[in-house]
Amino acid sequence: MSESTAKSGFSFKKLTHMKLFLPIVCLIAVLLSNLIKTPDFFKIAINNGVLYGYIIDVINRASELVILAVGMTLVTAASGGQDISVGAVMAVAAAVACQILSGGEVSTTVFANPYALAVIAALIVATLCGCLNGFLVANLNIQPMVATLILFTAGRGIAQLVTNGQITYVRVDAYQILGSYFPGNPIPAPIFAALAVVIIAYVILKKTTLGLYIECVGINSRAARLVGLNSTKIKFITYVICGFLAGVAGLVASSRIYSADANNVGLNLEMDAILAVALGGNLLGGGKFTLAGSIIGAYTIQALTTTLYAWNVSSDQLPVYKAVVVVIIVIFQSPVFQKWAKGLGKRRTAVPSAAAKGGAVK
Amino acid sequence: MEQEVVLTMRGTDKIFPGVKALQNVDFTLRKGEIHALMGENGAGKSTLIKVLTGVYEADGGEIRVAGTDRPVVNKSPQEAQNLGISTVYQEVNLCTNITVAENLFIGHEPRKAGFIDWKTMNTKAGELLRSLDIKAEATQKLGDCSLAIQQMIAIARAVNMKCRVLILDEPTSSLDDDEVEKLFVLMQKLKGEGVGIVFVTHFLEQVYRVCDRITVLRNGTLVGEYKVSELPRLQLVAKMMGKNFDDLADIKGAHTKGADLKDAPVIDAEGLSHTGTIKPFNFQVRRGEVVGLTGLLGSGRSELVRSIYGADRADKGKLKVNGKEVRINKPLDAMMQGMAYLPEDRKMDGIIADLSVRENIIIALQAKRGMFKPMSRKEAEEAADKFIDLLQIKTASRETPIKSLSGGNQQKVIIARWLLTNPDYLILDEPTRGIDIGTKTEIQKLVLDLADQDKAVTFISSEIEEMLRTCSRMAVLRDGQKVGEISGSEMTQEGIMKAIAGAGKEETGNV
């Protein structure tokens, strides 16, 4: 019976069984819903030599989230927990970069130190934050949520310390490039940053066995150890990567506002990153993961935000509507709902054959 | 003189993606009988039970229960329970941290004005336990009872829910002989009260001890239903395997090569120990030799090999591999020295459940090669296909998650994982536990073949017969200490028992 249906609806069935099917459907649904009120949602125009349009805005604004989602996916898969400190680590990285560039002043119009130095220092500090998280989780076996709670609470304080409690401004064009446009290029620069991170992550997972190791450790770390994997090291590595990527996201976010606002850079972004991982169809309990799913999840979240703005929802009411949509998407992807939907489809196709069978018996 | 039928299943079908798990299977259970459900791993026993109890939905067929004049469809174990069908699984599904009485009444506690009536509950529980001759106190914590008593309390709970059909899924696999005996007494008692019992087990002996009828399944189809008195053991095995079977004849006969005494031993442990689990021991294994480790459960058999393999880092002593002294700090070090370790607990320490058969096979070799030298997809697929073919692993494809394979096939995948690393020394800790008799023999033959190929093997099993069939020498352990070795003429059932028991020593009770 299953063979015959497989033959008639082969491609469709295969499509719906793909792992990324639901995340993609959710993203498309969110995007298409705009056609009702904002028919020009998909229109892309060139103004002043750069690309404009809602869709460009979605891709651009999602960049930091995409970068965070990559790290969050690996952390989740390996340790079965999440790194909730990434938003705070972004603020720390931004503070370090701005403070070095301003030379300790509150505001500057020229670089006090080389740009490269600031970037490298910011990334090193963020990576060290990742090392701390990794040490607490992997070596000391502290629950990820508890371990990363430390930097979640302390991180913004550290950023304040670095900037002496001020908002440090770097009013230099070169600093704003990463958050705006490369000269002469119409595509927003954050898109390239996100793209670079995704490509590098993809190449690393393809060219090394890190992905397989992470899945092994996430599924059964005892068995992983007995086949010669160093579970501790692998978990540690994922937190280090996550910290580093939070640093990259922090630099992009800080460049957008050419300042280090310790209280607002990356605020609540850790929750969006976790949500992106979940929306992508990944289990938050660890194990098998799909990076592409998380990335799609990240764009879905940003698409949702932009859509709600396009519907003229005011920003203070935004979380309410966002929550409603997220709940719908999550229910849609839940195993119970999927089983029910599958049963519904099956019943519809099975009814005639069952009736025929019943007739034959009697 | 047909007894009254309490349960019939007719034409049961169950299809999983790529596999027909059950095809047109009939099953009949009568009042007051113990009915064995037999078959190799993957024959469909568990699937049949899960369909019956509502864990799976059948794709075809009908179930009828006495007293209901229409087919029933169980959508959940709860519904099945309401119809009087209860199941007790291999792993006891009760809560060890609450009392026996609470476990018996959880979900339907006697109440007074909305609050739990503890006094009535404890009295009722006490009565129930007494009526079934279970030696436990109602107010005792369940965790303080032995595994056998816990098993019986699980049964008592089922009985208390007025069950007419009681399904026991491998209830004896973690019990010792005494405990099994107690369980059988309880089963007989329930039988006398008219409960129909479905008994799933791998132990032929137990079937012939207590059962009245046997239903045999093979590859998801019904082979037949037989009266125990009319089906000799050999024929039962033949029916399960679907071929004439030479009664697990002396497979050792063809393998005569024996240990290679010229070279240094592959493994030479001197005073190795791990504090708290195994006291200092000397242990040698040579090429071409299968050395058994025997002793009661918890005597330190697994702990000894774990300290060699680095699963527990040895804190004292020396280990020489092929004559060279080495330091093993972690499993990878041992693997680099050519060791392989099949752990005792397949589920917890062996399989990586969500990964595919292919990934499970290549993972050890891949770990050995390191993170920056990934195997190509082609190489991995070829390796997986080779071993699926060689060990006749029954799987829908190499990309099937290992968790959907039957236990015996999972074990074969783990064996393939280690054979792929081409080890000199294999540690096999209970490789045949919970595995059907056909696969068991295959694995035993494989062990002897490996020895023939000049590999050194350490074999651990609780089944003495199996040890006798495969090992050329045995080390005996007792209470975390290696107490001796036996070989040659001492290698008989009796000799081993004596060695395990020790001279005139009282048995220390708890395992």
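Chains as they are written, first to last, in our numbering: chain A, 5 to 366; chain B, 229 to 739.
Glycine included, C-beta positions come from ideal geometry on N, C-alpha and C.
Sequence-distant residues of the same chain with beta carbon closer than 7 angstroms to residue i, five excluded per side
i, result
"isoleucine 262 (chain B)", "Met415, Lys419, Ile425, Phe427, Val438, Cys439, Asp440"
"isoleucine 88 (chain A)", "Met149, Thr152, Leu153, Phe156, Glu274"
"valine 114 (chain A)", "Val176"
"methionine 389 (chain B)", "Gln309, Ser314"
"valine 494 (chain B)", "Val513, Arg514, Arg515, Val549, Asn550, Asp652, Tyr653, Ala684"
Burial state of residue i (16 or more Cβ within 10 Å)
i, result
"tryptophan 646 (chain B)", "buried"
"asparagine 472 (chain B)", "For asparagine 472 (chain B), the pLDDT reaches just 49, beneath the cut-off of 50, and the residue's location in the model is therefore unreliable, although a value from the coordinates is still provided. By the 10 Å Cβ count, asparagine 472 (chain B) comes out exposed."
"lysine 47 (chain A)", "exposed"
"arginine 358 (chain B)", "exposed"
"lysine 347 (chain B)", "exposed"
"aspartate 474 (chain B)", "Note on aspartate 474 (chain B): pLDDT 47, under 50, position unreliable in the model; no value is reported."
"aspartate 265 (chain A)", "buried"
"alanine 186 (chain A)", "It is worth fixing the name first, because residue 186 (chain A) is phenylalanine in this sequence and not alanine. Answer is exposed; the Cβ neighbour count stays below 16."
"histidine 502 (chain B)", "buried"
"glutamine 342 (chain A)", "exposed"
"asparagine 588 (chain B)", "buried"
"glutamate 553 (chain B)", "exposed"
"alanine 200 (chain A)", "exposed"
"arginine 555 (chain B)", "exposed"
"histidine 430 (chain B)", "buried"
"valine 340 (chain A)", "exposed"
"methionine 266 (chain B)", "buried"
For residue i: DSSP bridge partner residues
i, result
"phenylalanine 240 (chain A)", "Paired residue(s): none; phenylalanine 240 (chain A) is not in a bridge."
"glutamate 290 (chain B)", "B:Arg238"
"glutamine 512 (chain B)", "B:Asp496"
"proline 192 (chain A)", "A:Tyr185"
"glutamate 453 (chain B)", "B:Thr443"
"tyrosine 56 (chain A)", "A:Ala49"
"lysine 248 (chain B)", "B:Ile243"
"lysine 340 (chain B)", "B:Phe343"
"phenylalanine 255 (chain B)", "B:Met237"
"valine 301 (chain B)", "Partner(s): none; valine 301 (chain B) has no beta bridge."
"leucine 459 (chain B)", "The partner list for leucine 459 (chain B) (beta bridge, DSSP) is empty, contrary to what the question assumes."
"tyrosine 569 (chain B)", "B:Ile655"
"methionine 22 (chain A)", "Per DSSP, none; premise fails for methionine 22 (chain A)."
"valine 519 (chain B)", "B:Thr686, B:Arg701"
"threonine 315 (chain B)", "B:Ile395"
Within chain A, the residues that residue i reaches when beta carbons sit closer than 7 angstroms
i, result
"tyrosine 454 (chain B)", "Result: empty, since nearest Cβ-Cβ is about 29 angstroms, beyond 7 angstroms."
"tyrosine 653 (chain B)", "By Cβ distance, chain A contributes nothing, its closest Cβ being about 15 angstroms from tyrosine 653 (chain B), past 7 angstroms."
"tyrosine 569 (chain B)", "Leu230"
Cutoff 6 angstroms; reference residue i; Cβ partners in own chain excluding five residues on either side
i, result
"threonine 236 (chain B)", "Thr256, Arg292"
"glutamate 693 (chain B)", "none"
"threonine 623 (chain B)", "Val585, Leu633"
"glutamate 531 (chain B)", "Thr505, Ile506"
"glycine 708 (chain B)", "Ile506, Lys507, Gly528"
"glutamate 421 (chain B)", "none"
Interface residues of chain A facing residue i [CB-CB closer than 9 angstroms]
i, result
"proline 559 (chain B)", "Arg229, Leu230, Val231, Gly232, Leu233"
"isoleucine 326 (chain B)", "Within chain A, no residue comes near isoleucine 326 (chain B); the closest Cβ sits about 25 angstroms away, beyond 9 angstroms."
"glutamate 627 (chain B)", "The contacting residues do not exist; glutamate 627 (chain B) stays about 13 angstroms from chain A at best."
"methionine 563 (chain B)", "Val231, Gly232"
"glutamate 587 (chain B)", "Leu216, Glu219, Cys220"
8 angstroms Cβ shell around residue i - same chain, five flanking residues per side excluded
i, result
"threonine 660 (chain B)", "Gln639, Thr667, Lys668, Ile671, Gln672, Ser689, Glu691, Glu694"
"valine 317 (chain A)", "Tyr325"
"alanine 49 (chain A)", "Leu55, Tyr56, Gly57"
"lysine 23 (chain A)", "Gly285, Thr294, Gly297"
Partner residues on chain A for residue i, Cβ-Cβ distance less than 8 angstroms
i, result
"isoleucine 579 (chain B)", "Asn224, Ala227"
"glutamine 594 (chain B)", "Thr213, Leu216"
Amino acids of chain B, ordered along the chain, whose beta-carbon sits closer than 7 angstroms to that of residue i
i, result
"glutamate 219 (chain A)", "Leu583"
"glycine 291 (chain A)", "Asp582"
Interface partners of residue i on chain B, CB under 8 angstroms
i, result
"leucine 214 (chain A)", "Met599"
Could I get the ranges of all uninterrupted alpha helix (DSSP H) runs contained in the segment 630-713 of chain B, with 4 residues as the minimum, in chain order? 635-647, 665-680, 692-698
With a floor of 3 residues, list each beta strand (DSSP E) that falls wholly inside the segment 200-253 of chain A, ordered by position along the chain. none
Which whole runs of the beta strand (DSSP E) in the segment 356-435 of chain B are 3 residues long or more, in chain order? 393-397, 424-428
What are the start and end residues of each continuous alpha helix (DSSP H) run of 4 or more residues lying completely inside the segment 307-346 of chain A, in chain order? 322-337
Mind pulling the beta strand (DSSP E) runs of 3 or more residues that sit fully within the segment 120-194 of chain A? Listed in chain order, the complete beta strand (DSSP E) runs (minimum 3 residues) inside the segment 120-194 of chain A are 172-174.
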